[in-house]
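Engineer: Protein sequences, first through last, are from chains A and B. Residue numbering for the first sequence follows the working numbering, beginning at 489 and increasing consecutively. Residue numbering for the second sequence follows the working numbering, beginning at 489 and increasing consecutively. Yeah, the Cβ is synthetic: ideal placement off N, Cα and C, and Gly gets one too. Computed from a predicted structure; not experimentally measured. Here it is, the structure in full.
2 protein chains.
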Amino acid sequence: MGDTGNNDDSHVLTMKTVNPRAVEMEYAVRGPIVTRAVELGKELAAGAQKPFSKVLQANIGDCHATGQSPITFIRQVVACCTCPDLIDTANFPDDVRNKAKRILKGCKGESAGSYSASAGIDVIRQDIARYIHLRDDVPSKMEDIILCTGASDGIKTVLNLLMTGKDGNQRAGIMIPVPQYPLYSATLTEFNACPIPYYLDEDNKWGLDVGELKRALKEAKGRCIPRAICIINPGNPTGQVLSRENIESVIKFAYEEKLMILADEVYQHNIWAAGSQFFSFKKVMTEMEGGKYSKMELASFMSASKGYMGECGFRGGYAEIVNLQPDVKAILLKSISAKLCPPILGQVVIDTIVNPPVEGDTSFEVFQKEKSQVLALLKKKAQIVTELFNSIEGIKCNEVMGAMYAFPRIFLPPKAVAAAKALKQSPDFFYCLQLLEKTGLCTVPGSGFGEKPDTYHFRITILPKLEEMQAVLATFKDFHLSFLNEYK
Amino acid sequence: MGDTGNNDDSHVLTMKTVNPRAVEMEYAVRGPIVTRAVELGKELAAGAQKPFSKVLQANIGDCHATGQSPITFIRQVVACCTCPDLIDTANFPDDVRNKAKRILKGCKGESAGSYSASAGIDVIRQDIARYIHLRDDVPSKMEDIILCTGASDGIKTVLNLLMTGKDGNQRAGIMIPVPQYPLYSATLTEFNACPIPYYLDEDNKWGLDVGELKRALKEAKGRCIPRAICIINPGNPTGQVLSRENIESVIKFAYEEKLMILADEVYQHNIWAAGSQFFSFKKVMTEMEGGKYSKMELASFMSASKGYMGECGFRGGYAEIVNLQPDVKAILLKSISAKLCPPILGQVVIDTIVNPPVEGDTSFEVFQKEKSQVLALLKKKAQIVTELFNSIEGIKCNEVMGAMYAFPRIFLPPKAVAAAKALKQSPDFFYCLQLLEKTGLCTVPGSGFGEKPDTYHFRITILPKLEEMQAVLATFKDFHLSFLNEYK
């Protein structure tokens, strides 16, 4: 058996026989530009001369990777759950120790090394329900909560439930925004489902337009069985924060069209724009028109990876899934049973977020200070980025109202578009690759998220350190102007 | 929208519209008997009178839940990676501190809160390759290693790659043992693949018989496209340890039939029988007949959840996947990218297992003592369980040669079988439910793993504490004899 050639019949798996959905699946946030950025980093480390001294990873919402410090309280609780001896020996605040003890009591054998129920540890599910109740002023119950291995896992779990198990025009259709976080398109490809893309309105702060939702759904009928609509709020990659009125109109649309609502609300702590506020879809759905919509099936997703905590590596997340039929809920719980359970320490991190120190607790002041510092800095960077992009010729950027990304539109000269197409690259991929090679700034081309035809964008996180961000944005401006000049 | 009835059209998801594969999927290890056991525990806690004072969970390989203590070294390294301050303040041994520092250097931003590459942290992949090399005396390379969220996640990743993306008799066929750990059947149902069940030979220590493999494969042709054979060694639920000769015969069969080998080797540290030894499929494949088979595509799976560590809650695991075509390997890596990464602390636990303290290290003696105590106790319980079952009329149990389970055969009287069938229960489900209700012992019916027609079994773990195990096995004997008497 040789290792040469791609379609030799000495291998079980060749490009002809490997799962075609895995071949088709794309996840741009970790795509070829990122691979090239990693290579460049290694070249620099090996002493290569480049026009920059450091690769700046602004491609992924990975807070700690770009210098954010962990919140002390979170890590102390996790450490105590890991080594219970530390509860007595590590000189941690009493509220840390009490919280760890309480969670460990909820673990089998009082060990973070045991499996939990597949839906998660009961006491943490209770804490989540209480958090949601306080946040929304609308009741929530622990039976509606499942813990997950990051929000991604929860999203896949609910999408799996919505599949029809059939092919062709009998496949499940799922409405997804364009641009969208590519987990959605990747999962729909993997599941052989039918994406129903609807465009966000760039000219209207990336809001949702019901006319466009109707157009998209109408166009999809006959191609699939529409089952659900996904909304990302605050938006990824767009940074929008939906108004309450906009949310209401989406809920009415979903009700009329009998779609389940999947609300990706992982950036609920990341609200920057003056006058903007986070409203959960569940809150709005429950309160509008005297409860007319309050029985709709809805799943909301939350993560330990974003907000002020940014604990991506712990893979903590949860979903609140309301109004399922009891039999369907049993199927949901069965469907997650073979995965055993989400990581216990990821669940612990979630608990620290939904049950943080409150006034009077020993950890409260430090916690509050660390949290507000992180959020204040992100807010400042959101403003800086928005302003900078809008100060440059050939770029237009909606305000980063929330989340962790800017998604500026770049107006590329026809010659640049032609040059890209000659290389069989999307024009914004072509642009982002040159940006990387010339400045060390790693971003993700808009084509990886989807965009209206003949419009080009890129996504850049607001996570790098302020001084690095300022330096690189200055370089960026030079790059952009010289790019325009080169292809004018 | 009401919440009554099962097929009302006010819900998007009803039993008619929910994913039929999720309805069909079964995972008996967390099935109805376990649900009833949890209820019984709550009834006892509420003061109900039962013939027993405690529910004994012997249904799942969850070491810490049943009283096993964590290995100190593992938890200290994890705690240091969580709170790097502890490296200097917690008075942990120097080797613990150095290992934590080294791993943190491999994390982005030196934080366990950042994402790793989807395949895992480089330094940990290197350590795994070194561990495999030392174990097998056969080279291993980090590029062939991917970290996973428990072994289950790795198994699903490789099975996904083997799917054809097609329906009917064009579906992928995967050979799985009967009895088998039901993750395999659950995943194949979820993926719409075709299981090709082959029987393990109960009369021959649950070994694999090539004649039976050929029969199973022949019977499957025309129904599907056979792609791979899964072997669990040491066996779950059977507790067998395959001989080198048996492994060689399976490899030859897979070679001739052009099947990829999926070797579930998560119990590689759990070898109890005198004269038994763990041989990895990769080692045997590489060494037999001068390397004739050494280029076969093979995946081997390992877990942090079993062995002597039993750290189930950390969801750590890895797969070594060898001899993939380079293009296919790129697809594999892309296919895991949207999951972002396995939990960092689960990866850290894996590192402590593949890179443990060695002689001369400060932690060595304590580590060695704790490890050998856990393994010695499990070995003792494996012997006790085997002996006890074989001393009871109407029960026959192969030696628990390895892993964490006994899978005794129970010879049920025809009247018991008839009584079960009248209730539409499998006879061993009927038996296990009565066992639970009368003794508090929670086991899993053999039907959840598959078995030859008209044979009945149950799976019981050897994990409960020795004294509890002994007490409950005495009760078990009484139950069994009175059951036989009732239905004779």
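Give the DSSP bridge partners of E808 of chain B, in chain order.
Structural biologist: Position 320 of the second sequence, counting from 1, holds the residue named residue 808 of chain B. DSSP, once it has assigned bridges, lists B:I633 and B:S788 as partnering E808 of chain B.
Engineer: Consult DSSP for D849 of chain B and reduce its assignment to one of helix, strand or coil.
Structural biologist: Your numbering for residue 849 of chain B matches position 361 in the second sequence. Note: D849 of chain B maps to coil in three-state DSSP.
Engineer: I'd like to know whether the C-beta of Q658 of chain B is nearer than 9 Å to at least one C-beta of chain A.
Structural biologist: For the purposes of this step, residue 658 of chain B is identified with residue 170 of the second sequence, where counting begins at 1. So no, Q658 of chain B is outside the interface.
Engineer: Kindly indicate which residue of B:C885, B:A525 and B:I612 has the alpha-carbon position closest to the one of D689 of chain B.
Structural biologist: Stepping through the second sequence from its first residue, residue 689 of chain B is reached at position 201. Selected option, being the one with the closest Cα: B:C885.
Engineer: Smallest Cα separation from G804 of chain B: which of A:Y603, A:V873 and A:S788?
Structural biologist: In the second sequence, counting from the first residue as 1, residue 804 of chain B sits at position 316. It is A:Y603 whose Cα lies nearest to the Cα of G804 of chain B.
Engineer: Name, please, each residue of chain A whose Cβ falls closer than 9 Å to the Cβ of N648 of chain B.
Structural biologist: By one-based count along the second sequence, residue 648 of chain B stands at place 160. The answer, in chain order, is N507, R509, A510 and E678.
Engineer: Sorted by chain position, which residues of the same chain lie with C-beta nearer than 7 Å to E956 of chain B's C-beta, five sequence neighbours on each side aside?
Structural biologist: Within the second sequence, the letter at position 468 stands for residue 956 of chain B. Excluding sequence neighbours, E956 of chain B sits near L544.
Engineer: Locate the beta strand (DSSP E) running through M663 of chain B, then write down its first and last residues.
Structural biologist: Residue mapping note: residue 663 of chain B aligns to position 175 of the second sequence, counting from 1. Run containing M663 of chain B: A660 to V666, per the beta strand (DSSP E) assignment.
Engineer: Going by DSSP, what residue range makes up the alpha helix (DSSP H) through G902 of chain B?
Structural biologist: On the second sequence, residue 902 of chain B is found 414 positions in, with the first residue counted as 1. A small correction: the amino acid at residue 902 of chain B is Pro; Gly does not occupy that position in the sequence shown. Start and end: P902 to A910.
Engineer: Does the Cβ of V526 of chain B have 16 or more other Cβ atoms within 10 Å, making it buried, or fewer, making it exposed?
Structural biologist: Taking the second sequence and counting its residues from 1, one reaches residue 526 of chain B at position 38. Its Cβ having fewer than 16 others within 10 Å, V526 of chain B is exposed.
Engineer: Per DSSP, what are the beta-bridge partners of M748 of chain B in this structure?
Structural biologist: For the purposes of this step, residue 748 of chain B is identified with residue 260 of the second sequence, where counting begins at 1. For M748 of chain B, which the question treats as bridged, DSSP gives the partners B:A716.
Engineer: Could you run through the region 551-571 of chain A and flag, in chain order, every residue whose CB is less than 7 Å away from some CB of chain B?
Structural biologist: Within the region 551-571 of chain A, the qualifying residues are H552, A553, T554, G555, P558, R563, Q564, V566, A567, T570 and C571.
Engineer: Just checking: is the beta-carbon of I712 of chain B within a distance shorter than 9 Å of some beta-carbon in chain A?
Structural biologist: On the second sequence, position 224 is the one that residue 712 of chain B refers to. Per the sequence presented here, residue 712 of chain B reads as Cys, with Ile not at that position. Not an interface residue.
Engineer: Under the rule that 16 or more other beta-carbon atoms within 10 Å means buried, what is K977 of chain A, buried or exposed?
Structural biologist: As displayed, chain A neither begins before 489 nor continues past 976, which places residue 977 of chain A out of reach and without an answer.
Engineer: Under a CB-based cut-off of 9 Å, is A904 of chain A close to chain B?
Structural biologist: The residue you call residue 904 of chain A lines up with position 416 of the first sequence. Judged by the 9 Å Cβ criterion, A904 of chain A is not in contact with chain B.
Engineer: In its own chain, which residues sit with a C-beta less than 8 Å from the C-beta of V846 of chain B, not counting the 5 before and 5 after it?
Structural biologist: The residue given as residue 846 of chain B occupies position 358 in the second sequence. Answer for V846 of chain B: F852, listed in chain order.
Engineer: Quick one: list the residues of chain B neighbouring F741 of chain A, beta-carbon separation under 9 Å, in chain order.
Structural biologist: As a working mapping, residue 741 of chain A is identified with position 253 in the first sequence. Within chain B, no residue comes near F741 of chain A; the closest Cβ sits about 14 Å away, beyond 9 Å.
Engineer: Report the neighbours of P831 of chain A on chain B: residues whose CB is nearer than 8 Å to its CB, in chain order.
Structural biologist: Against the first sequence, residue 831 of chain A aligns to sequence position 343. Those within 8 Å of P831 of chain A in chain B are T637, G801, F802, R803, P831, L833 and G834.
Engineer: Within the same chain, show all residues whose beta-carbon is closer than 7 Å to that of K867 of chain A, passing over the 5 residues directly before and after it, in chain order.
Structural biologist: Indexing the first sequence from 1 puts residue 867 of chain A at position 379. Same-chain partners within the cutoff: W760.
Engineer: When the Cα of K629 of chain B is compared with those of B:D610, B:D641, B:G727 and B:T645, which residue comes out closest?
Structural biologist: Along the second sequence, one-based indexing puts residue 629 of chain B at 141. Among B:D610, B:D641, B:G727 and B:T645, the Cα nearest to that of K629 of chain B is on B:D610.
Engineer: State the DSSP-derived secondary structure class of A894 of chain B, mapped to helix, strand or coil.
Structural biologist: Taking the second sequence and counting its residues from 1, the one referred to as residue 894 of chain B is at position 406. It is a strand residue.
Engineer: Of the residues A:F918, A:T840, A:P844 and A:A600, which one's Cα is nearest the Cα of P831 of chain A?
Structural biologist: Position 343 of the first sequence, counted from the start, is the residue given in the question as residue 831 of chain A. Cα-wise, what sits closest to P831 of chain A is A:A600.
Engineer: What residues in the region 737-761 of chain B bring their beta carbon closer than 7 Å to a beta carbon of chain A?
Structural biologist: Per Cβ criterion, the list reads K746, L747 and M748.
Engineer: With DSSP collapsed to three states, give me the class of P572 of chain B.
Structural biologist: On the second sequence, residue 572 of chain B is found 84 positions in, with the first residue counted as 1. Residue state, collapsed to three classes: coil.
Engineer: Using the Cα positions of A536 of chain B and L921 of chain B, report the straight-line distance between them to the nearest angstrom.
Structural biologist: If you number the second sequence from 1, residue 536 of chain B lands on position 48. If you number the second sequence from 1, residue 921 of chain B lands on position 433. Going by the C-alpha atoms only, they are around 18 Å apart.
Engineer: Under the rule that 16 or more other beta-carbon atoms within 10 Å means buried, what is F767 of chain A, buried or exposed?
Structural biologist: Residue 767 of chain A sits at position 279 when you count from the first residue of the first sequence. Buried, because 16 or more other Cβ atoms sit within 10 Å of the Cβ of F767 of chain A.
Engineer: Among A:L532, A:E785, A:S793 and A:V837, which has the Cα closest to the Cα of V816 of chain A?
Structural biologist: Within the first sequence, residue 816 of chain A is the residue found at index 328, counting from 1. Nearest C-alpha to V816 of chain A: A:E785.
Engineer: Any beta carbon of chain A sitting closer than 9 Å to that of T502 of chain B?
Structural biologist: As a working mapping, residue 502 of chain B is identified with position 14 in the second sequence. For T502 of chain B, the answer is yes, since a Cβ of chain A falls inside 9 Å of its Cβ.
Engineer: Going by CA-CA distance only, name the one from A:I898, A:G890, A:Q861 and A:M889 that's closest to N878 of chain A.
Structural biologist: Residue 878 of chain A sits at position 390 when you count from the first residue of the first sequence. N878 of chain A has its Cα closest to that of A:I898, out of A:I898, A:G890, A:Q861 and A:M889.
Engineer: Would C829 of chain B and C636 of chain A qualify as a contact pair, given that the criterion is a beta-carbon distance under 9 Å?
Structural biologist: Start at 1 with the first residue of the second sequence, and residue 829 of chain B comes out as number 341. Start at 1 with the first residue of the first sequence, and residue 636 of chain A comes out as number 148. For C829 of chain B and C636 of chain A, no; Cβs fall outside 9 Å.
Engineer: Rounding to the nearest angstrom, what Cα-Cα distance links L676 of chain A and S791 of chain B in this structure?
Structural biologist: Locating residue 676 of chain A in the first sequence gives position 188, where the first residue counts as 1. Locating residue 791 of chain B in the second sequence gives position 303, where the first residue counts as 1. Going from the Cα of L676 of chain A to the Cα of S791 of chain B covers about 29 Å.
Engineer: Residues of chain A with CB under 7 Å from I809 of chain B, in chain order?
Structural biologist: For the purposes of this step, residue 809 of chain B is identified with residue 321 of the second sequence, where counting begins at 1. The premise fails here: I809 of chain B is roughly 10 Å from chain A at the closest Cβ pair, so nothing lies under 7 Å.
Engineer: Mapping DSSP to helix, strand and coil, what is G656 of chain B?
Structural biologist: Reading the second sequence from its first residue, position 168 is the one you call residue 656 of chain B. In the structure shown, G656 of chain B sits in a helix (DSSP, three-state: H, G or I).
Engineer: Quick check: is the beta carbon of K783 of chain A nearer than 9 Å to any beta carbon in chain B?
Structural biologist: Indexing the first sequence from 1 puts residue 783 of chain A at position 295. Yes, K783 of chain A lies at the interface with chain B (some Cβ there is under 9 Å from its Cβ).
Engineer: T949 of chain B bridges to which residues according to DSSP?
Structural biologist: Start at 1 with the first residue of the second sequence, and residue 949 of chain B comes out as number 461. T949 of chain B is bridged to B:Y893.
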